[in-house]
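Notes to accompany the following structure.
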Amino acid sequence: MLSPERLALPDYEYLAQRHVLTYMEDAVCQLLENKEDISQYGIARFFTEYFNSVCQGTHILFREFSFIQATPHNRASFLRAFWRCFRTVGKNGDLLTMKEYHCLLQLLCPDFPLELTQKAARIVLMDDATDCLMSFSDFLFAFQIQFYYSEFLESVAAIYQDLLSGKNPNTVIVPTSSSGQHRQRPALGEASMLEGVEASLFYQCLENLCDRHKYSCPPPALVKEVLSNVQRLTFYGFLVALSKHHGINQALGALPDKGDLMHDPAMDEELERLLVQVPGLVNSVTASSEASCLPSRTPSRVASPWRPLHHSRKVDVESDGSTEETDESET
Amino acid sequence: VAAVPVPLPSPKMAAVEKRRPTVVPVAGFTDGGRPTVSRTAAVAESEEDFLQQVGVTEMLRAALLKVLEARPEDPIAFLAHYFENMGLRSPANGGAGEPPGQLLLQQQRLGRALWHLRLAHHSQRTAFNNNVSVAYECLSAGGRKKKPGLDGRTYSELLKRICRDGEAPEEVVAPLLRKIQCRDHEAVPLSVFRAGMRTCFVLLEFVARAGALYRLLEDPGLAAADRRVGQAVLDTLEGALQAGDSDAGAPTRYLEAGSRLGPDSLALAMDRAVVARRPGVPMTREEFLEKAAALFIAKVKPVG
Numbered sequence: 001m002l003s004p005e006r007l008a009l010p011d012y013e014y015l016a017q018r019h020v021l022t023y024m025e026d027a028v029c030q031l032l033e034n035k036e037d038i039s040q041y042g043i044a045r046f047f048t049e050y051f052n053s054v055c056q057g058t059h060i061l062f063r064e065f066s067f068i069q070a071t072p073h074n075r076a077s078f079l080r081a082f083w084r085c086f087r088t089v090g091k092n093g094d095l096l097t098m099k100e101y102h103c104l105l106q107l108l109c110p111d112f113p114l115e116l117t118q119k120a121a122r123i124v125l126m127d128d129a130t131d132c133l134m135s136f137s138d139f140l141f142a143f144q145i146q147f148y149y150s151e152f153l154e155s156v157a158a159i160y161q162d163l164l165s166g167k168n169p170n171t172v173i174v175p176t177s178s179s180g181q182h183r184q185r186p187a188l189g190e191a192s193m194l195e196g197v198e199a200s201l202f203y204q205c206l207e208n209l210c211d212r213h214k215y216s217c218p219p220p221a222l223v224k225e226v227l228s229n230v231q232r233l234t235f236y237g238f239l240v241a242l243s244k245h246h247g248i249n250q251a252l253g254a255l256p257d258k259g260d261l262m263h264d265p266a267m268d269e270e271l272e273r274l275l276v277q278v279p280g281l282v283n284s285v286t287a288s289s290e291a292s293c294l295p296s297r298t299p300s301r302v303a304s305p306w307r308p309l310h311h312s313r314k315v316d317v318e319s320d321g322s323t324e325e326t327d328e329s330e331t
Numbered sequence: 001v002a003a004v005p006v007p008l009p010s011p012k013m014a015a016v017e018k019r020r021p022t023v024v025p026v027a028g029f030t031d032g033g034r035p036t037v038s039r040t041a042a043v044a045e046s047e048e049d050f051l052q053q054v055g056v057t058e059m060l061r062a063a064l065l066k067v068l069e070a071r072p073e074d075p076i077a078f079l080a081h082y083f084e085n086m087g088l089r090s091p092a093n094g095g096a097g098e099p100p101g102q103l104l105l106q107q108q109r110l111g112r113a114l115w116h117l118r119l120a121h122h123s124q125r126t127a128f129n130n131n132v133s134v135a136y137e138c139l140s141a142g143g144r145k146k147k148p149g150l151d152g153r154t155y156s157e158l159l160k161r162i163c164r165d166g167e168a169p170e171e172v173v174a175p176l177l178r179k180i181q182c183r184d185h186e187a188v189p190l191s192v193f194r195a196g197m198r199t200c201f202v203l204l205e206f207v208a209r210a211g212a213l214y215r216l217l218e219d220p221g222l223a224a225a226d227r228r229v230g231q232a233v234l235d236t237l238e239g240a241l242q243a244g245d246s247d248a249g250a251p252t253r254y255l256e257a258g259s260r261l262g263p264d265s266l267a268l269a270m271d272r273a274v275v276a277r278r279p280g281v282p283m284t285r286e287e288f289l290e291k292a293a294a295l296f297i298a299k300v301k302p303v304g
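Quick mapping for you: the protein sequence lines, in order, are chains C and U. So the first sequence is residues 1 to 331, counted in full-length UniProt numbering. So the second sequence is residues 1 to 304, counted in full-length UniProt numbering.
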């Protein structure tokens with residue numbers, strides 16, 4: 001009932017830990033962008049709806065990427081929204097390419113960076129050519145790991161590089177968020193042919209990393225579990241194992257277990273509601289009071305990527321089908 | 001309230017942040033950044049004024065103070081609830097139209113007082129006491145026919161509402177209400193009000209915990225607990241409470257009481273009870289809660 005740590009924290013730390021100021025600031029921004037709303041409904045009502053939408057996780061819909069990734073709650077909400085909106089892709093068994101998944105992501109977040117989608121696709125396709133077809137669930141769980149633990153994975157990549165080049169793990173200096181260093185894809189690709197690094201050594205470094213990492217990282221006990229099953233592993237082998245781990249998915253708390261991904265009758269109704277909103281976005285956003293705090297986007301930007309969805313992808317399965325196999329062996 | 005430095009989200013900063021997407025392309029056309037910057041500053045300035053004027057700044061400051069005072073587990077849900085309540089009592093939703101009837105006004109006052117009382121847990125002394133004072137002021141405000149001050153009737157009604165919302169069985173809390181209620185026409189001073197509120201909230205938590213304890217003792221098949229075991233637990237609890245009354249200094253008494261309630265001595269007492277006596281009529285949840293609450297209520301000093 002009581003949590004003494006929470007009560008003992010200095011004010012600023014308490015507020016920072018729970019991102020209170022992030023949301024308050026954003027609420028003010030939204031208010032300034034929707035001044036006409038407050039003359040109609042009042043400020044208190046506006047804030048009530050804003051904070052309720054944050055609680056429900058609908059606040060990230062159609063927002064800019066910088067906001068979507070600003071807090072762990074926003075990231076989890078985005079993952080959930082993505083799953084809820086496009087679950088039918090998985091239900092129909094459609095296989096899509098990386099570019100097509102990227103279009104789906106951009107429907108919810110117009111400036112979603114391609115780089116992140118590419119990285120997620122590399123996890124599914126094990127760093128192979130990224131124009132292959134992927135199942136929805138494979139992509140979703142890989143994307144979840146890549147998106148939610150983005151900063152953590154940057155550091156992991158750096159550590160992996162250092163281990164490959166034979167550096168002493170104790171002298172590893174982890175770059176906080178320099179994405180430049182980790183851009184050396186060819187090096188990683190070659191490395192994976194040398195069967196990666198030794199798992200126990202890798203774990204020691206990661207444990208150390210988890211301790212001092214300021215961003216979210218997966219529960220260390222589960223990372224240990226993943227790494228204790230193997231002798232050696234590659235970077236992408238590690239990411240695949242993370243993305244397929246039930247416990248990590250549960251700890252993250254945004255998505256259901258893989259088995260429950262497709263059937264949820266309550267969600268179907270919800271989905272109907274959301275789908276009605278998406279194509280005719282402008283009208284519904286400004287009309288529905290719930291979405292009044294969302295910025296209205298130009299219809300062309302949001303609606304245009306909708307098209308590629310209607311390609312029937314099932315027929316031309318000309319790729320290696322590797323994702324299908326992994327998918328079926330799981331379920 | 002102690003002077004807490006309030007880190008208000010800077011509207012200026014927020015505004016600049018927000019403007020960036022629209023400003024950047026403009027900066028691309030004009031080679032010198034200065035005109036754009038000064039325009040941004042001007043926009044920010046006017047937005048800050050706007051926020052001041054419409055009262056956003058003041059409203060957020062107050063909200064943030066409440067968050068810091070109560071330190072809720074989920075501050076975002078807390079804020080949603082906070083603004084929702086504020087919206088309900090804003091002039092747009094009641095004050096502007098026909099003046100509400102006396103009864104409705106009274107209900108609104110009670111609702112507002114309850115909301116303040118629930119903002120912070122009673123163990124957060126300062127926050128809780130502040131909220132009690134605010135609730136007292138809400139209830140004491142004079143109305144058209146009402147004289148300022150809190151009367152016993154309103155106070156009793158508030159106590160009843162708290163107990164009812166606390167989901168404690170009525171017969172369990174009734175003895176407490178009899179003890180701490182005032183007469184309908186009596187004026188209730190703040191000190192009595194505060195003590196009453198705190199006692200009431202503490203009892204509700206006590207009953208909730210006793211309920212949890214009972215669930216552990218309960219035989220799921222019978223929907224009742226072994227009387228010997230239940231009684232042994234209650235006796236141990238009584239012993240611990242009495243140990244708390246002894247003449248030694250307060251910290252020692254708490255330690256003594258705590259050690260009597262420790263799992264080992266409790267297990268010993270339960271074990272002894274089962275061996276020594278024959279099984280009697282099973283004990284129901286209501287009986288257990290009533291007896292446990294009675295131990296607590298016996299310690300409460302009656303009003304007056």
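Here a beta-carbon is modelled for each residue, glycine too, at the ideal position from N, C-alpha and C.
- The beta carbon of D26 of chain C sits closer than 7 Å to the beta carbons of F67 from its chain, once the five residues preceding and following it are set aside; these are given in chain order.
- Residue burial annotation: S200 of chain C is exposed, with fewer than 16 other C-beta atoms found within 10 angstroms of its C-beta.
- Neighbourhood of Y23 of chain C in chain U, by CB distance below 7 Å: I76, in chain order.
- N52 of chain C has a beta carbon lying within less than 9 Å of a beta carbon in chain U.
- Residue-level contact check: A81 of chain C does not touch chain U, since none of the beta carbons of chain U fall below 9 Å from its beta carbon.
- Out of U:R215, U:T57, U:S46 and U:Q53, the CA that lies nearest to the CA of V28 of chain C is found in U:T57.
- The continuous stretches of alpha helix (DSSP H) do not include P189 of chain U, and DSSP gives it neither H nor E.
- In this structure R194 of chain U touches V132 of chain U by the C-beta definition: roughly 5 Å separates them, less than 8 Å.
- When the alpha-carbon of H116 of chain U is set against those of U:A127, U:S156 and U:S123, the nearest one is in U:A127.
- Close partners of V54 of chain U in chain C (Cβ separation under 8 Å): I38 and I43.
- Inter-residue distance for A168 of chain U and A187 of chain U is about 27 Å (C-alpha atoms, whole angstroms).
- Per DSSP, H121 of chain U lies in no alpha helix (DSSP H) and is assigned neither H nor E.
- With contacts defined as CB atoms closer than 9 Å, Y214 of chain U and L289 of chain U qualify as a contacting pair.
- For L31 of chain C, the neighbours in chain U by C-beta distance under 7 Å run, in chain order, V56.
- Under the Cβ criterion of 9 Å, K119 of chain C is not counted among the residues facing chain U.
- Looking at the DSSP output, L96 of chain C shares a beta bridge with C:M134.
- Checking the DSSP bridge columns, you'll see L206 of chain C has no partner listed.
- If you look at F112 of chain C, you'll find it isn't in any alpha helix (DSSP H); DSSP assigns it neither H nor E.
- Taking L133 of chain C as reference, the option from C:Q17, C:G90, C:R75 and C:A44 with the minimal CA-CA separation is C:G90.
- Contacts between T48 of chain C and chain U, judged by CB atoms closer than 7 Å, involve A80, F83, E84 and G87 in chain order.
- Less than 9 Å separates the beta-carbon of C217 of chain C from that of F152 of chain C.
- Here the segment 48–58 of chain C makes contact with the segment 9–27 of chain C; the two share three or more CB pairs at distances below 8 Å.
- Within the segment 203–262 of chain C, the runs of alpha helix (DSSP H) at least 4 residues long that lie entirely inside it are, in chain order, 220–228, 235–243 and 246–252.
- For the pair A63 of chain U and F50 of chain U, the CB atoms are not nearer than the 9 Å cut-off.
- Scanning its chain for C-beta atoms nearer than 6 Å, with the 5 sequence neighbours on each side dropped, one finds no residue around S228 of chain C.
- In this structure, the beta-carbon distance from K299 of chain U to L241 of chain U falls below 9 Å.
- In the DSSP assignment, V197 of chain C is bridged to C:L233.
- Beta-bridge partners assigned by DSSP to M283 of chain U: U:A225.
- Inter-segment contact for the segment 264–275 of chain U and the segment 191–208 of chain U is absent: fewer than three beta-carbon pairs are separated by less than 8 Å.
- Annotation for Q40 of chain C: the continuous alpha helix (DSSP H) segment containing it runs K35 to Y41.
- Per DSSP, the beta-bridge partners of D151 of chain U are U:A187.
- Taking C-beta atoms as the reference points, I159 of chain C and L209 of chain C count as a pair closer than 9 Å.
- In the DSSP assignment, Q161 of chain C falls within the alpha helix (DSSP H) that extends over S150 to L164.
- Residue nearest to R285 of chain U within the set U:A212, U:H185 and U:P72 is U:A212 (criterion: CA-CA distance).
- For I180 of chain U, the enclosing alpha helix (DSSP H) begins and ends at E170 to I180.
- DSSP lists U:A225 as the bridge partner or partners of E218 of chain U.
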